[in-house]
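Scroll down for the structure; my scribbles are underneath it.
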Amino acid sequence: MIKKLIFLYPNFFLDKDFERWGVKYYLERNVNIEIWNILGIINKKAFKENNIYQKENKNIKIIRLQNFENFKNLLISQPKDSIFIAPMNISYENQLIFKELQKQKKIWGPY
Numbered sequence: 323m324i325k326k327l328i329f330l331y332p333n334f335f336l337d338k339d340f341e342r343w344g345v346k347y348y349l350e351r352n353v354n355i356e357i358w359n360i361l362g363i364i365n366k367k368a369f370k371e372n373n374i375y376q377k378e379n380k381n382i383k384i385i386r387l388q389n390f391e392n393f394k395n396l397l398i399s400q401p402k403d404s405i406f407i408a409p410m411n412i413s414y415e416n417q418l419i420f421k422e423l424q425k426q427k428k429i430w431g432p433y
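Going left to right, the sequence shown walks through residues 323 to 433 as this note's numbering numbers them.
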């Protein structure tokens, strides 16, 4: 049984994303959900310029990561059975994220 699901999202998680990824389904089954906004890692300029309000949800923890070190430290602290969803193509800007997931032997997939 999945205990924790972490979305590595390259932008803001919108209402349509909650529906698209079936977040309600997992919450109803007591799966812990976190959304890690990695825009600060892959595009620092956009992160600074983009102060759009991120819709909060009392059942979901949303974390805006500002740099790779924050990501790495947070990744280390996650339980071994956490599953990471990374809905993006591997590119020059985000390759460090995927390398670190592999290095720490985390369970991850594009979706």
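All C-beta atoms, glycine included, are put in the ideal place defined by N, C-alpha and C.
Just checking: is the beta-carbon of residue i within a distance shorter than 8 Å of some beta-carbon in chain D?
| i | result |
| --- | --- |
| residue 428 | As a matter of chain content, chain D is missing from the structure shown, which is built from one protein chain. |
Pick helix, strand or coil for residue i, following the three-state DSSP scheme.
| i | result |
| --- | --- |
| residue 334 | coil |
| residue 382 | strand |
| residue 364 | helix |
Under 8 Å between the Cβ atoms of residue i and residue j?
| i | j | result |
| --- | --- | --- |
| residue 330 | residue 419 | yes |
| residue 429 | residue 405 | yes |
| residue 412 | residue 389 | no |
Could you please give me the residues that DSSP links to residue i through a beta bridge?
| i | result |
| --- | --- |
| residue 342 | The partner list for residue 342 (beta bridge, DSSP) is empty, contrary to what the question assumes. |
| residue 326 | 354 |
| residue 420 | Paired residues: none, contrary to the question. |
What first and last residue would you give for the beta strand (DSSP E) that runs through residue i?
| i | result |
| --- | --- |
| residue 359 | 354-359 |
| residue 412 | Element bounds for residue 412: n/a, residue is neither H nor E. |
Along the chain, where does the alpha helix (DSSP H) containing residue i start, and where does it finish?
| i | result |
| --- | --- |
| residue 398 | 390-398 |
So residue i and residue j are in contact, right, with Cβ under 8 Å, and what is the actual spacing, rounded?
| i | j | result |
| --- | --- | --- |
| residue 334 | residue 359 | 7 Å |
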